[in-house]
Amino acid sequence: MIPLYIIKIVAPLVTGIITLIAGFIELRLNPKNWLNRWFFSFFFSTSLAHLVYSLYHIGIFSPVEISISAVITQIFFNFIPISLVMTVFVLEKFSKGAMSPKYLGTLLVIFVLMCLGYFFNPPVTNPEDYANHIINTETQRTWFVIVNVARMVLFGYALVKYAMMMKKTEDEAKQRIRWFFLGILIIIIGLIFNLLGGILDSGEVEIIALILFNIGAIVIVKGFLI
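Numbering-wise, the sequence shown is residues 0 to 225 according to numbering that gives the first Met the number 0.
Below, the structure is given as structure tokens:
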């Protein structure tokens, strides 16, 4: 197994474990607060997306099982930016406003639309790579681009909002938001690499994107440790 492929298994596994722990720590701080709940949702979705991704790349599953696992992974990846934007809404509109149909309802509709294409055109396993015990899935190109752009827009919105909050806060809160900002920025750069990797059919570029996703998630976790 080539070193780059090992990264596709190990890096998401480590990130999945770290974000899972961070999620439960965040929820335990104040389980009744919607801000804590949505940050838990962010970390939990991040964790499951990376853990399932790591699991189906081990190469012990059939092509059909891999395809199903890839769909599940993408659904969790789609919910990550949704959860992050909801934290912005809770901070700006407070819980009552954020949980209204105008805000939560709109994001849930966007989430469903982002996931629909994976049911009609699920990722498929590359048969040649599979024969060599390497798992590479391929997604319908147009849908791949649409979903990645949608994720970038959502993360970009959160990035701008947290940048605005950073200017209005001081001391520990400002330092924490600075880490959030940096983590989100790294994830957006990762999405750009992921989009380029898919368009260019470059596994190496996609692995760079994966590494950036992992770094971005861990940087955000760092913000919670302050």
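C-beta atoms are modelled at their ideal positions from N, C-alpha and C, and glycine is treated no differently.
task: Grab me the residues of Asn-120's own chain with a C-beta within less than 8 angstroms of its C-beta, minus the 5 sequence neighbours each way, in chain order.
output: Thr-138, Gln-139 and Trp-142
task: Quick one: measure Cβ to Cβ for Ile-187 and Met-151, integer angstroms, because I've assumed they're closer than 8 angstroms.
output: Yes, they are in contact, since the Cβ atoms of Ile-187 and Met-151 sit about 6 angstroms apart, within 8 angstroms.
message: Using DSSP's beta-bridge definition, name the partner residues of Thr-124.
response: According to DSSP, which records beta bridges pairwise, Thr-124 is partnered with Thr-136.
- request: Give me the Cα-Cα distance between Thr-168 and Ser-40, rounded to the nearest whole angstrom.
  value: 24 angstroms
task: Please classify Thr-14: is it buried, with 16 or more other beta-carbons within 10 angstroms of its beta-carbon, or exposed?
output: buried
- prompt: Where Ile-17 and Ile-217 are concerned, what is the direct C-alpha to C-alpha distance, given to the nearest angstrom?
  reply: 8 angstroms
- prompt: Any idea if Ser-68 is buried or exposed, counting beta-carbon neighbours within 10 angstroms, 16 or more meaning buried?
  reply: Its Cβ being crowded by 16 or more others within 10 Å, Ser-68 is buried.
query: By DSSP, does Met-98 sit in helix, in strand, or in coil?
result: coil
- prompt: Taking C-alpha atoms, which residue in Val-89, Ile-79 and Glu-203 lies nearest to Ala-48?
  reply: Ile-79
query: Can you name, in chain order, every residue of its own chain whose Cβ lies under 7 angstroms from the Cβ of Leu-158, other than the five neighbours on each side?
result: Phe-180, Ile-183, Leu-184 and Ile-187
query: At what residues does the alpha helix (DSSP H) containing Ile-198 begin and finish?
result: In the DSSP assignment, Ile-198 falls within the alpha helix (DSSP H) that extends over 170-199.
Proximity winner among Gly-222, Phe-88 and Tyr-117, relative to Ile-176 (alpha-carbon distances): Closest by alpha carbon: Gly-222.
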